[in-house]
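Remarks on the structure that follows.
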Amino acid sequence: MSSRAFWGADIGGTTTIVGSFSGGTGFRRLAVLETRPSEGPGRLFAELSSTILGADPEPASVGIGIAGLVDRSRGWLEFSPNLRGWEGLDVASRMGALTGARVVVDNDCNAFAYGAVGSGYVPSGGLQVLVTLGTGIGGTIIDSGRILYGTGYAGEFGHMPVDALGLACPCGSTGCWERYAGREALIRYFTGTGGGAGGPDPREIAALAADGDARASEAFATFGRWVGTGLAGLANCLSPEGFYLAGGLSNTAGLFLPSAREEFGRRTRHPWSVAILPGSSDAGALGAALMARDSAS
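Going by the working numbering, the residue at position 64 of the sequence shown is 74; the numbering climbs one at a time, nothing skipped.
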């Protein structure tokens with residue numbers, strides 16, 4: 011018999027969080043795994059499935075939120091700039107074969123948004139926009155509590171050009187927003203070099219800025235101006251009732267929101283309506299688990 015625990019995994023470019031949701035206990039995180047994209051998906055999927063089955067030999071269903079363009083009808087990852095080499099990956103079939111469970115797959119930001127609406131953190135009325143700031147930038151458009159997918163891939167805000175002739179992006183374009191308001195960008199503003207894995211962690215830069223370090227503070231001010239630039243573009247296109255920021259870098263919002271708001275006001279007449287969602291690294295996995303629950307009903 012199934013335990014009626016619904017499982018969710020949030021697969022990002024750096025880490026993968028997995029946990030379960032049940033009506034009696036809510037969401038419980040089980041593990042944080044290293045994604046290690048360069049090794050391919052096989053190792054991660056094996057570790058992920060063994061983690062789930064070790065706790066629940068007969069999972070009711072599994073939801074997967076994964077960073078990239080997802081074909082939800084087939085459960086495929088079509089493309090992901092932060093999971094290079096995983097293109098055309100049949101996530102649903104592979105995880106289904108490993109766990110013996112029904113598997114539903116969506117973009118990681120959409121899974122996060124699903125959980126945020128279900129938990130009441132994002133209003134279920136009106137047009138709302140969720141933006142996640144982390145390794146890259148993800149996004150979801152929510153209309154009256156429902157995710158808008160367009161032809162399937164709406165919300166890839168991180169690949170909206172903000173500097174058309176600017177930095178090359180792994181997606182193949184140039185000047186994408188996440189190249190200026192993602193994790194590596196913040197590190198680059200602080201170090202003055204290329205950023206990336208060899209640079210300081212954003213939390214270290216935030217601690218320096220909080221202590222009054224001028225270089226760290228200016229890095230966050232520059233970062234904030236690019237955040238404001240992107241939000242102004244989205245406001246001009248969508249005119250939402252509110253923006254909701256989430257993701258790892260949103261935890262440093264107090265350091266970049268002042269410059270973001272100033273830049274936003276310089277670029278649009280839309281009102282500044284930006285809220286920070288409560289910080290939780292489990293939110294994406296929770297949303298994926300809720301998707302798994304609702305797909306089974």
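Even for Gly, the Cβ is constructed at its ideal location relative to N, Cα and C.
All values reported here derive from a predicted model rather than from experimental measurement.
| Item | Value |
| --- | --- |
| Buried or exposed for ASP116, please, with buried defined as at least 16 other CB atoms from any protein chain shown within 10 angstroms of its CB. | buried |
| In this structure, what does DSSP give as the bridge partners for ARG156? | ASP153 |
| Is the distance from the Cβ of ARG94 to the Cβ of GLY162 below 8 Å? | no |
| Output yes or no for whether 8 Å exceeds the beta carbon distance between LEU300 and GLY125. | yes |
| Could you work out which residue in ASP153, PHE37, ALA195 is closest to GLY209 when comparing CA atoms only? | ALA195 |
| Assuming contact is defined by CB atoms lying nearer than 8 Å, are TYR254 and LEU177 in contact in what I supplied? | no |
| Secondary structure at GLY18, three-state DSSP: helix, strand or coil? | strand |
| For PRO69, count neighbouring C-beta atoms within 10 Å of its own C-beta (all shown protein chains included) and say buried if the count is 16 or more, exposed if not. | buried |
| Assign THR109 to one of two classes, buried (16 or more other C-beta atoms within 10 Å of its C-beta) or exposed (fewer than that). | buried |
| Put VAL28 into one of helix, strand or coil per three-state DSSP. | strand |
| In the DSSP assignment, the alpha helix (DSSP H) including ASN120 goes from what residue to what residue? | 118–128 |
| From which residue to which residue does the alpha helix (DSSP H) around ALA295 run? | 293–305 |
| Could you give the C-beta distance for ALA123 and ILE157, rounded to a whole number, given that I count them as a contact under 8 Å? | 6 Å |
| Going by DSSP, what residue range makes up the alpha helix (DSSP H) through GLY264? | 263–277 |
| Could you name each continuous beta strand (DSSP E) segment of 3 residues or more that falls completely within the segment 55–131, going from the start of the chain to the end? | 71–76, 79–81, 86–89, 112–117 |
| Give the C-beta separation of ALA302 and PHE37 to the nearest angstrom, bearing in mind that I take them to be a contact with Cβ-Cβ under 8 Å. | Actually they are not in contact, since the Cβ atoms of ALA302 and PHE37 sit about 12 Å apart, beyond 8 Å. |
| Less than 8 Å between C-beta atoms, sequence neighbours within five positions excluded: which residues of the same chain meet that for ALA306? | PHE16, ALA70, SER71, ARG112 |
| On the three-state DSSP scale, how would you describe LEU177? | coil |
| I'd like to check one pair, THR26 with LEU63: are the Cβ atoms closer than 8 Å? | no |
| Cα separation between TRP187 and ASP223? | 26 Å |
| Could you pull out every residue in the same chain whose Cβ sits closer than 6 Å to the Cβ of ALA242, ignoring the five residues on either side in sequence? | PHE274, ARG277, THR278 |
| DSSP three-state label for LEU287, please. | coil |
| Quick check on the DSSP output: the beta strand (DSSP E) that includes ARG46 runs from which residue to which? | Element bounds for ARG46: n/a, residue is neither H nor E. |
| Go ahead and pull the three-state DSSP assignment for PRO212. | helix |
| Express the C-alpha separation of CYS179 and GLY23 in angstroms, rounding to a whole number. | 15 Å |
| Measuring from the CB of GLY136, is there a heavy atom of the ligand ADP at a distance below 7 Å? | Although the ligand ADP was asked about, the structure shown includes no ligands whatsoever. |
| Return helix, strand or coil for ALA219, following the three-state DSSP convention. | helix |
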